[in-house]
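Start counting the sequence shown at 1; every next residue gets the next number (my numbering).
Just so you know, even glycine gets a beta-carbon here, dropped at the ideal spot from N, CA and C.
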Amino acid sequence: MTFYSLLDYRLMVCSHEVLGTGVHFKVQDNDGNILFNSKEAQKNYWDFRVNSTQDLIVSVNAPENSGNLTDIPASGCVSIILGFKE
């Protein structure tokens, strides 16, 4: 995703309750440096500002449901919400 300089952003990931609380995301630069990890921060959002326009990689992970007693995999929606203010 492209983020433009001097804008304040909020990136948020929300998931359906059937997926549990294990859905998390991380943001990396093009060199692979992790800028934010929601699992470590224990938040489903990140407020930030970039000083120069750049492309960042947003990865979302939903864990497998190991407690599933049937062979039917759980399914649900995950939303990635991005907002900014000038």
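Mind reading off the beta-carbon distance from residue i to residue j? Whole number of angstroms is fine, and I expect it under 8 Å.
{"i": "VAL27", "j": "PHE36", "result": "4 Å"}
{"i": "VAL13", "j": "ASN33", "result": "About 20 Å separates the two Cβ atoms, so there is no contact after all."}
{"i": "THR53", "j": "TYR4", "result": "5 Å"}
Put residue i into one of helix, strand or coil per three-state DSSP.
{"i": "SER15", "result": "strand"}
{"i": "SER38", "result": "helix"}
{"i": "VAL50", "result": "coil"}
{"i": "GLY20", "result": "coil"}
{"i": "SER75", "result": "coil"}
Determine, using beta carbons only, whether residue i and residue j come nearer to each other than 8 Å.
{"i": "MET1", "j": "ASP47", "result": "no"}
{"i": "VAL78", "j": "VAL23", "result": "yes"}
{"i": "LEU11", "j": "LEU82", "result": "yes"}
{"i": "GLY76", "j": "SER15", "result": "yes"}
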